[in-house]
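A quick write-up on the structure given underneath.
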Amino acid sequence: MRLIDPRPGDGATYAAAGMLSPAGELQHTERAAVALHRTAAAAYPDFVASLPGGAAACGYEAAPTLLVGVDDADRRRIVELVDAAPAVQAERRSVREARAAEPLLGPGLSCAYAADGDHRVDPRALVRALRGALAPSALRPLAARRLLRGRGGAVHGVELSDGTAIAAAEVVVANALGAADLGATPPGVLRPVHGDILRLHAAGLPRLAHTVRSLVRGRAVYLVPRVDGGLVVGATEREDADDAVSAGGVSALLRDAAEVMPLVDEYRFVEATARARPATPDHLPLVGRTAPGLVVATGTHRNGVLLAPLIADLCRRIVDDVAPPRGVEADLLDPGRFAPTRLQPGRDAAPCDREGVLA
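Quick note, the sequence shown lines up with residues 1 to 359 if you use full-length UniProt numbering.
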């Protein structure tokens, strides 16, 4: 296996907060994705344990999440979301109970839920651990320029930005929005959804124990603590072509975060980052075979980190022609759902004995 990537982990993963949060994502999740997210979150402990350094090296913490609202409309919305997804484990708490469990929460909350199964990971640390598990010779730090296609559109390798051609039995295109540039997805299906995200540091001040997902007068904001005293605050959503951080986004995030956790105003400001998430019309990922020799894995929108190990396993199963794992409805993720015609994987896949490439 070879990994073709000029800057591994520098896309949306670099900005991501790393919430493994089926309950916390209810505000943004299609109902069809709830079971998928629960399956993905359940896979994480074994996944991080398999990497060099284990869970600690990945910044994985089995710490619970609190879902809180500020005004009555926020409370009604959170209650509605939780009640509509009984499979998601979120237990109602009084505001007094929530503030006793998490003393840094502000006094002006209208409701609280505890999601003990919603955990967190540090995506940047996770990328370092994944790179540590990869043989140095397996990484080619170049971009894929185009897919090499043969008769009937079958893919048999990639051409790199330096002109080098690499033959492969299977090519897995997992480069987010770049999949469209390679012609691996139907035209117009992927769109960029930019987000601003902030990183602060406690600098010796008290830190959160819980991840906090909140609605502040209808605006979503989350606070994700790190073991080193860091705090990730996010995230905005804007569908434009601007890769720069938005001043308005930074201002809004800090204002709303301080309403949930007033001590935020005394934390050190470390970094503001903006990245584009790859989104689809139905907000579900694209994972599956789109041509003989070609598997695509993109369109994860807000949940790339959460879904990463599950999608990796699903891609392996597709390449090996093995059924998907329990809890995964592969048809929901079929990239052909947006195409005028659908590929028949069993009929059209062609066997080959060359190596695989992940672009």
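Built from N, CA and C at the ideal position, the CB exists for glycine as well.
Cutoff 7 Å; reference residue i; Cβ partners in own chain excluding five residues on either side
| i | result |
| --- | --- |
| A71 | The question names Ala, yet the displayed sequence has Asp at residue 71. Around D71: S110, R217. |
| G53 | A129 |
| D83 | none |
| G132 | P52 |
| G106 | E259, V260, M261, P262 |
| I78 | L67, G69, C111, Y113, L215 |
| L343 | Bear in mind that a pLDDT of 46 at L343, under 50, signals an unreliable position, so the number given afterwards is only what the model happens to contain. Cβ neighbours of L343 beyond the five flanking positions: R289, T290, A291, G336. |
| L134 | L3 |
| V193 | E237, E239, A276, R277, A279, H301 |
| G11 | A176, R275 |
| A138 | M1, R2, L3 |
Buried versus exposed, by CB contacts within 10 Å (16 or more), residue i
| i | result |
| --- | --- |
| D74 | buried |
| T13 | buried |
| S21 | buried |
| M1 | exposed |
| D118 | buried |
| A62 | exposed |
| F47 | buried |
| D122 | buried |
| R226 | buried |
| T164 | exposed |
| G150 | exposed |
| V322 | exposed |
| P351 | Model confidence at P351 stands at a pLDDT of 38, short of 50, so the residue's coordinates are unreliable; what they give is reported in the following sentence. Exposed: under 16 other Cβ atoms inside 10 Å. |
| G18 | buried |
| G248 | exposed |
| A120 | Strictly speaking, residue 120 in this sequence is Arg, with Ala absent from that position. Label assigned to R120: buried. |
| V270 | exposed |
Of the listed residues the options, nearest to residue i (C-alpha basis)
| i | options | result |
| --- | --- | --- |
| R99 | V319, M261, R289 | M261 |
| A16 | G195, S246, G152 | G195 |
| D242 | L284, V221, R191 | R191 |
| Y267 | L254, A144, G336, R277 | L254 |
| P6 | I197, R140, R226 | R140 |
| D313 | R92, P324, L104 | P324 |
| V306 | L126, R146, L81, G229 | One detail in the question is off: residue 306 reads as Leu in this sequence, not Val. The option with the nearest alpha carbon to L306 is L126. |
| H210 | L81, R326, V224, A202 | V224 |
| L130 | D334, R275, A252, G9 | G9 |
| H37 | H301, L182, G336 | H301 |
| A202 | L177, P186, V233, R219 | V233 |
| A56 | A42, L26, R124, A114 | R124 |
| L231 | L198, V79, E239, A247 | L198 |
| T185 | V287, V79, D331 | V287 |
| A274 | V245, A258, T280, R96 | V245 |
| A252 | R149, L263, A235 | A235 |
| R337 | G304, R77, A247, P187 | P187 |
| P281 | T164, L182, P335 | P335 |
| P85 | V189, L26, D162, A169 | Residue 85 is actually Ala in this sequence, not Pro. Looking at the Cα atoms, L26 is the closest of the given residues. |
| A180 | L147, L208, R151 | L147 |
| T65 | L134, V79, A101 | A101 |
| R92 | A114, E80, L81 | A114 |
| G304 | R326, V319, D162, A276 | A276 |
| D116 | D228, V212, R219 | V212 |
Presumed contact (8 Å Cβ cut-off) between residue i and residue j, rounded CB distance
| i | j | result |
| --- | --- | --- |
| T298 | A174 | 6 Å |
| L284 | L333 | 6 Å |
| D256 | V221 | 4 Å |
| A43 | Q89 | Not really, about 16 Å apart at Cβ, beyond 8 Å. |
| A35 | A87 | 7 Å |
Same chain, Cβ closer than 6 Å to residue i, five either side skipped, listed in chain order
| i | result |
| --- | --- |
| V68 | L109, A112, S214 |
| L294 | V155, V171 |
| A349 | In this predicted model, A349 has a pLDDT of only 41, less than 50, meaning its place in the structure is not dependable enough to derive any value. |
| C315 | V172, V295, A297 |
| G153 | A291 |
| I311 | V287, A297 |
| H278 | The displayed chain sequence assigns Pro, not His, to residue 278. These residues qualify, in order along the chain: A176, L177, L190, T298, G299. |
Cut-off 8 Å between Cβ atoms - residues of its own chain near residue i, not counting five sequence neighbours on either side
| i | result |
| --- | --- |
| L160 | I4, R140, L142, A143, A144, R145, I166 |
| A330 | V287, G288, L314, P324 |
| P309 | A40, A43, Y44, F47 |
| P103 | P206 |
| E97 | A112 |
| A49 | A55 |
| V250 | D196, L198, A272 |
| R317 | A323, P324, P325 |
| R31 | A84, A85 |
| S94 | A112 |
| C58 | V48, L51, V121, D122, A125, L126, A129 |
| R219 | A252, D256 |
Closer than 8 Å to chain C by CB, residue i
| i | result |
| --- | --- |
| R120 | Protein chain content of the structure displayed is limited to a single chain, and chain C is not contained in it. |
*asked:* Give the list of continuous beta strand (DSSP E) stretches no shorter than 3 residues that lie fully inside the region 101-154.
replied: Runs of beta strand (DSSP E) with 3 or more residues, each lying fully within the region 101-154, are found at 111-115, 144-149, listed in chain order.
_Report the start-end ranges of each alpha helix (DSSP H) in the region 246-285 that is 4 residues or longer and not cut off at the edges._
Inside the region 246-285, DSSP marks whole alpha helix (DSSP H) runs of 4 or more residues at positions 247-260, from first to last along the chain.
*asked:* Give the list of continuous alpha helix (DSSP H) stretches no shorter than 4 residues that lie fully inside the region 144-215.
replied: With a minimum length of 4 residues, the continuous alpha helix (DSSP H) runs that stay inside the region 144-215 are 178-181.
*asked:* Please give me, in chain order, every unbroken run of the alpha helix (DSSP H) with length at least 4 that falls completely inside the region 36-83.
replied: DSSP runs (the alpha helix (DSSP H)) wholly in the region 36-83: 54-57, 72-83.
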